[in-house]
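A short worksheet on the structure shown next.
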Amino acid sequence: MELSKTFDPRVPEEHWFQRWIDLGYFKADAARPGPVFSIVIPPPNVTGQLHLGHALNVTLHDVIVRMRRMQGYNTLWQPGTDHAGIATQNVVERELAKEGKSRHDLGREAFVARVWQWRETYGGRILNQLRRLGASCDWSRERFTLDPGLSRAVTEIFVRLYREGLIYRAMSLINWCPRCETALSDLEVDHKETPGHLWYIRYPLADKSGAVTVATTRPETMLGDTAVAVHPDDARYRSLIGRKVILPLLGREIPVIADAAVDPAFGTGAVKITPGHDFNDFQTGRRHNLAQISVMDTHGRMNDAAGPYRGMTREDCRRKVIEDLGAQNLLEKTEPHQHAIGVCSRCETVVEPMLSYQWFVRVTPLAEQAIAAVRAGHTTFHPKFWENTYFAWMENVYDWCISRQLWWGHRIPAYWCDRCNEMIVAAERPAACAKCGGGDLRQEDDVLDTWFSSALWPFSTLGWPDETPELARYYPTSLLITGFDIIFFWVARMMMMGLKCTGQVPFRDVYITPLVRDQYGKKMTKSRGNVVDPLQIMERYGTDAVRFTLAQLSVQGRDLILSDDRLAASRAFANKVWNAARFVLMNLEDAPQPIAPVEIDALALAERWILHSLDQAIAEVTAAIDRYEFNLAALRAYSFIWHEFCDWYVELAKEPLRQAGERQAAARWVLVRCFDGLLRLLHPFMPFITEEIWQALRPYIDERDLAPHLAIAKFPTPAFAGALDAQEAAAMDRCIAVTEAINSLRSLLGYHPGQRVEARIKPAGAAAEENGASFRAEFERWKPYAATMAKAASLGLAPRNENTPGGMVTAVLGWCEVSVMAPGGFDFERARAALRKKLDEVAAHHAQHEARLNNPDFVAKAAPEMQEQMRQRAHELAAQQELLRKQLMLLAEAN
RNA sequence: GGGCGGUUAGCUCAGCGGUAGAGCAUCGGCCUUACAAGCCGAGGGUCGCAGGUUCGAAACCUGCACCGCCCACCA
Numbered sequence: 003m004e005l006s007k008t009f010d011p012r013v014p015e016e017h018w019f020q021r022w023i024d025l026g027y028f029k030a031d032a033a034r035p036g037p038v039f040s041i042v043i044p045p046p047n048v049t050g051q052l053h054l055g056h057a058l059n060v061t062l063h064d065v066i067v068r069m070r071r072m073q074g075y076n077t078l079w080q081p082g083t084d085h086a087g088i089a090t091q092n093v094v095e096r097e098l099a100k101e102g103k104s105r106h107d108l109g110r111e112a113f114v115a116r117v118w119q120w121r122e123t124y125g126g127r128i129l130n131q132l133r134r135l136g137a138s139c140d141w142s143r144e145r146f147t148l149d150p151g152l153s154r155a156v157t158e159i160f161v162r163l164y165r166e167g168l169i170y171r172a173m174s175l176i177n178w179c180p181r182c183e184t185a186l187s188d189l190e191v192d193h194k195e196t197p198g199h200l201w202y203i204r205y206p207l208a209d210k211s212g213a214v215t216v217a218t219t220r221p222e223t224m225l226g227d228t229a230v231a232v233h234p235d236d237a238r239y240r241s242l243i244g245r246k247v248i249l250p251l252l253g254r255e256i257p258v259i260a261d262a263a264v265d266p267a268f269g270t271g272a273v274k275i276t277p278g279h280d281f282n283d284f285q286t287g288r289r290h291n292l293a294q295i296s297v298m299d300t301h302g303r304m305n306d307a308a309g310p311y312r313g314m315t316r317e318d319c320r321r322k323v324i325e326d327l328g329a330q331n332l333l334e335k336t337e338p339h340q341h342a343i344g345v346c347s348r349c350e351t352v353v354e355p356m357l358s359y360q361w362f363v364r365v366t367p368l369a370e371q372a373i374a375a376v377r378a379g380h381t382t383f384h385p386k387f388w389e390n391t392y393f394a395w396m397e398n399v400y401d402w403c404i405s406r407q408l409w410w411g412h413r414i415p416a417y418w419c420d421r422c423n424e425m426i427v428a429a430e431r432p433a434a435c436a437k438c439g440g441g442d443l444r445q446e447d448d449v450l451d452t453w454f455s456s457a458l459w460p461f462s463t464l465g466w467p468d469e470t471p472e473l474a475r476y477y478p479t480s481l482l483i484t485g486f487d488i489i490f491f492w493v494a495r496m497m498m499m500g501l502k503c504t505g506q507v508p509f510r511d512v513y514i515t516p517l518v519r520d521q522y523g524k525k526m527t528k529s530r531g532n533v534v535d536p537l538q539i540m541e542r543y544g545t546d547a548v549r550f551t552l553a554q555l556s557v558q559g560r561d562l563i564l565s566d567d568r569l570a571a572s573r574a575f576a577n578k579v580w581n582a583a584r585f586v587l588m589n590l591e592d593a594p595q596p597i598a599p600v601e602i603d604a605l606a607l608a609e610r611w612i613l614h615s616l617d618q619a620i621a622e623v624t625a626a627i628d629r630y631e632f633n634l635a636a637l638r639a640y641s642f643i644w645h646e647f648c649d650w651y652v653e654l655a656k657e658p659l660r661q662a663g664e665r666q667a668a669a670r671w672v673l674v675r676c677f678d679g680l681l682r683l684l685h686p687f688m689p690f691i692t693e694e695i696w697q698a699l700r701p702y703i704d705e706r707d708l709a710p711h712l713a714i715a716k717f718p719t720p721a722f723a724g725a726l727d728a729q730e731a732a733a734m735d736r737c738i739a740v741t742e743a744i745n746s747l748r749s750l751l752g753y754h755p756g757q758r759v760e761a762r763i764k765p766a767g768a769a770a771e772e773n774g775a776s777f778r779a780e781f782e783r784w785k786p787y788a789a790t791m792a793k794a795a796s797l798g799l800a801p802r803n804e805n806t807p808g809g810m811v812t813a814v815l816g817w818c819e820v821s822v823m824a825p826g827g828f829d830f831e832r833a834r835a836a837l838r839k840k841l842d843e844v845a846a847h848h849a850q851h852e853a854r855l856n857n858p859d860f861v862a863k864a865a866p867e868m869q870e871q872m873r874q875r876a877h878e879l880a881a882q883q884e885l886l887r888k889q890l891m892l893l894a895e896a897n
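Residues are numbered in this note's numbering as their position in the first sequence, beginning at 1, plus a constant of 2.
Shown next, in the form of structure tokens:
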């Protein structure tokens, strides 16, 4: 089979993904036996557009899912999308706006129909983008949070929680977005540091005996003031407590109250209390039974309660209030003031605390269970420190406002009887009012917070509340992979709802992905314009390279900094693998047939060495993925493939491959065996290129019941225990060290890369003294390798006592000297300088060791094995130093 | 105001108690029939700072600094 000279990712990407899907490889079958690995995708918003966060997330999912599938797990990766209440409604509203219409022009029913229509047309975009990344989800199980089945789960749990008193409806102060015209949860409010002002306003005493000055950042809300508060111990104001002041502009009389929450040191120490528009004041108001006055409507405009300011926007009202106060000489002063203001996380509009009837989840009892489950280790975070974040939030949660005044979402299953005002919460619309028998029931207008349905995702997608085979088999899921930004929004709430609904945690492990930043370490944001489009880089570097890069940079607990350099390096790696494949294939018989295995004992040292190295790489990569150390797994696979397999084995295989007969057959088998193994190992990271190559290699693979495709082939496990003993492993290390030494000398001596050199080694230390004879035997075995790799015309083994001939330049290793004949006219000063440098290094190390060994404390306290190790090392260093000096002396005479 | 994470070669990161490592970038030499998206070689670091624990610290402890993030009702 002919492979082109460089790898073009396009064709295999399109081809293989469709094949895998067509063949049903990613389908989960609950009836299949075996251990289970299940995971749910964090459902992207239907309005979503693939960004690097998704790309990273999906890549890591796919790495572990593919590995587990290949390992024989009954694997389910559940895909789907989130209806994303506000986000989606906004998109369609914008579309309508272009036609000059608002949702109110359409009415609720028509508008919702329009959103569904939008979803039919564009809702699949994000999932198609995930597919392009190679996501091996069970696409036949795609779910949407507004699907009938999932909606049923939402209704079911809502009714249950309501009946248990864990969901309640109440008039309360909530965050309100005047633009979205809906309530928001605490989490949907971002706090933005903003420069503002502190206005000092005089409130005259009712008895005209003076005034009290309050400081505020929001003068417009004074129209809703129902008290002025001071600290009970504040001597300045003690006499005022219980008296009345006149609210300027409106002339209302309000009391001066004492409350310990007031900070006497801030502002004037007197604070206006607006229970209808401030969370603190709301609490204070409750403590003192103050009236709550709302001065704005749902659009953030001043309402009737604002008297003369009625109809103004909040902003206009503020200006006018300041102006009027100034005119009445009630504005004492204005100071610049920096403070955090809450804005809608969707549209950045300043949120308004508003009084309204809303639905809440009583979170505390649910949170207790969720905390306990993590404390007990039923769910573990990776990296573990994220558990602190989780606990900190869970331990201080407020009730969760779940009602939204939107049209797109799960409509709350509560029904009102307009005749007797009875409210009924039920899964099905009741035929008649339970209290008065009236038949005209009206369903609650509000819908649920999107996160309410997301919280059920791990089990609602599996059919809950029905006891489906899928639920029994795949729940609790094995792992959740997500970003830290939704630990509160999603992870915490899944924990609470999962435990509440099923009695079990929704997932065993939670892996928190790094945050993707640009090459300057900046967060990617639209406003910075530094957002990298994954589809573009996939186009440029190939999907496999993008995946590999993301995995390789996924360090636990650190941000991920993506750069073109890294991507280019991964593309180079893909190309390296491709070319290694070309080499292997061009050295196999044209008529493919399985190559029978060769007995380990019949293999040459290098062959056993590479099989052994493959084993080690497999073990380490597998262990790293098991620990979610994707970066280490990717790096290990990379270094095995490039530096061990390509740099060494492929080179060493060339010689036996040229021959006919047994040695060639052995080399062919080892090549195929290793390449097969490394393709399997690499497949989870780079599925496309590996499948493409594996198909070409497959006919040569000798395996019973060999899978038709790599995507479902067995993941490799170490298979060559005992192929290489410790002594042989050490021998190969020596071979590599000698090769490197000769190559280094070649470079120093200015040899052309193609030129062959005369070289020799002379053992020293243990290699010479203790096993001279066996060393010679060992040397004979790896000498051809070193000679090949270092392009040595001859590589001799010199007797220990023989002086190195003049004209040779020597490098000193710990256990031997390596010498290479210098070319005619070589300037030996360069060699002397190199030796001197090396001598300095060795001398410094030796001095270090000596100092340590001469330290009485070290001798008295250090572990005996350590002392022995140090003594040996010092001994070697001393010998090495001696050899270096001698070489330097010999070289002194050269030239 | 609390809390979390980071600080190791120019860059991105390993190492987490016993000789400072890798990849990329840089420099020198090579188109050596798998691969120039390649091969061979070289240079480059008082491991953020200051203390402490230890025979021994990049690693453990305590402060501090800087960068980043999260949470927080000082109006």
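Note that CB positions come from ideal geometry on N, CA and C, so glycine has one too.
My assumption, with CB atoms under 8 Å, is that Val672 sits in contact with Ile703. Please give the rounded CB distance.
The Cβ separation is near 13 Å, so there is no contact.
On the criterion of 16 or more Cβ atoms from any shown chain inside 10 Å, does Glu870 qualify as buried, or is it exposed?
Glu870 should be labelled exposed.
Please report the straight-line C-alpha distance between Arg413 and Asp448, rounded to a whole angstrom.
Cα-Cα distance, rounded: 6 Å.
Thinking Ala494 and Met396 are a contact (beta carbons under 8 Å), I'd like their distance in whole angstroms, please.
That pair is a contact at about 6 Å.
Out of Asp188, Val247, Ala231 and Thr196, state which residue places its alpha-carbon closest to the alpha-carbon of Gly212.
Ranking Asp188, Val247, Ala231 and Thr196 by Cα distance to Gly212 puts Val247 first.
Per DSSP, Asn76 is paired with what?
Paired residues: Val38.
Would you report the Cα separation of Asp192 and Cys346, rounded to the nearest angstrom?
The straight-line gap from Cα to Cα measures roughly 6 Å.
Between the segment 562-577 and the segment 507-518, do three or more beta carbon pairs fall short of 8 Å?
Taking 8 Å as the limit for Cβ pairs, the verdict is that the segment 507-518 does touch the segment 562-577.
Is the beta carbon of Gly309 closer than 9 Å to that of Leu242?
Going by C-beta atoms, Leu242 is not nearer than 9 Å to Gly309.
Can you give the Cα-Cα distance for Thr147 and Tyr513, rounded to whole angstroms?
Using only the alpha carbons, I get a separation of about 23 Å.
For Val614 versus Ala761, is the C-beta spacing smaller than 9 Å?
Position check: residue 614 holds His in this sequence, whereas Val was assumed. For His614 and Ala761, no; Cβs fall outside 9 Å.
Which residue wins for smallest C-alpha separation from Ala369, given the options Gly500, Ala709, Asn92 and Thr215?
Comparing Cα-Cα distances from Ala369 to each of Gly500, Ala709, Asn92 and Thr215, the minimum goes to Gly500.
Identify every residue that forms a DSSP beta bridge with Trp361.
Arg171, per the DSSP bridge assignment.
Under three-state DSSP, which class holds Glu152?
First, the amino acid is wrong: residue 152 is Leu here, not Glu. Leu152: helix per DSSP, three-state reduction.
Under 9 Å, do Ala57 and Leu129 count as touching if we go by C-beta distance?
Not in contact: Ala57 and Leu129 (Cβ atoms no closer than 9 Å).
At which residues does the alpha helix (DSSP H) containing Gly287 begin and terminate?
Phe281 to Arg289 is the span of the alpha helix (DSSP H), which, as asked, contains Gly287.
Which residues in the same chain as Ile43 place their Cβ atom closer than 6 Å to its Cβ, once the five residues preceding and following it in sequence are excluded?
Only Pro81 meet the Cβ criterion.
Ala788 by DSSP, collapsed to three states: which one?
It is helical.
Using only the alpha-carbon positions, how far apart do Arg700 and Ile691 sit?
C-alpha separation (whole angstroms): 14 Å.
CB-CB under 6 Å to Glu446, same chain, minus the five flanking residues each way: which ones, in chain order?
Taken in chain order, the residues that qualify are Ile414 and Ala416.
Considering just the uninterrupted stretch of the beta strand (DSSP E) at Glu631, what are its terminal residues?
Looking at the DSSP string, Glu631 is not in any beta strand (DSSP E), and its letter there is neither H nor E.
Excluding sequence positions up to five away, which residues of its chain have a Cβ less than 6 Å from the Cβ of Leu1?
The structure shown has nothing for residue 1, since the chain only spans 3 to 897.
Starting from Ser455, trace the alpha helix (DSSP H) both ways and give me its first and last residue.
Thr452 to Ser456 is the span of the alpha helix (DSSP H), which, as asked, contains Ser455.
Find the nearest neighbour of Leu217 within the set Lys210, Trp201 and Asp511, judged by alpha-carbon distance.
Checking the sequence shown, residue 217 turns out to be Ala, not Leu. For the residues Lys210, Trp201 and Asp511, the minimum Cα distance to Ala217 belongs to Trp201.
Who are the Cβ neighbours of Tyr170 in its own chain at under 8 Å, not counting the five residues just before and after it?
Same-chain partners within the cutoff: Tyr164, Trp361, Phe362 and Arg364.
Near Glu472, which residues of its chain fall below 6 Å by C-beta distance, leaving aside the five closest residues on each side in sequence?
The answer, listed in chain order, is Ala32, Leu464 and Gly465.
Nearest-angstrom Cα distance between Phe828 and Gln729?
The straight-line gap from Cα to Cα measures roughly 38 Å.
Label Gly679 either buried or exposed according to how many other C-beta atoms from any shown protein chain fall within 10 Å of its C-beta, with 16 as the threshold for buried.
Label assigned to Gly679: buried.
Ends of the alpha helix (DSSP H) at Val534?
Where Val534 is concerned, there is no enclosing alpha helix (DSSP H), given that its DSSP letter is neither H nor E.
What is the DSSP secondary structure of Gly798, counted as helix, strand or coil?
It is a strand residue.
Express the C-alpha separation of Pro686 and Glu780 in angstroms, rounding to a whole number.
Near 39 Å, if we compare the C-alpha coordinates of Pro686 and Glu780.
What do you reckon, are the CB atoms on Ser40 and Tyr477 nearer than 9 Å?
Cβ distance < 9 Å, so Ser40 and Tyr477 count as in contact.
List the whole-angstrom C-beta distance separating Ala743 from Ala813, where the pair is believed to meet the contact cut-off of C-beta under 8 Å.
At roughly 4 Å, the Cβ-Cβ gap stays under 8 Å, so Ala743 and Ala813 are in contact.
How close, in whole Å, do the beta carbons of Leu893 and Arg834 come, if the pair is a contact with beta carbons under 8 Å?
5 Å between Cβ atoms; contact.
From the DSSP output, in three-state form, read off Met3 for me.
Here Met3 scores only 48 on pLDDT, less than 50, and its place in the model is too uncertain to base an answer on.
Using the Cα positions of Val820 and Arg802, report the straight-line distance between them to the nearest angstrom.
Answer to the nearest angstrom: the Cα atoms are 12 Å apart.
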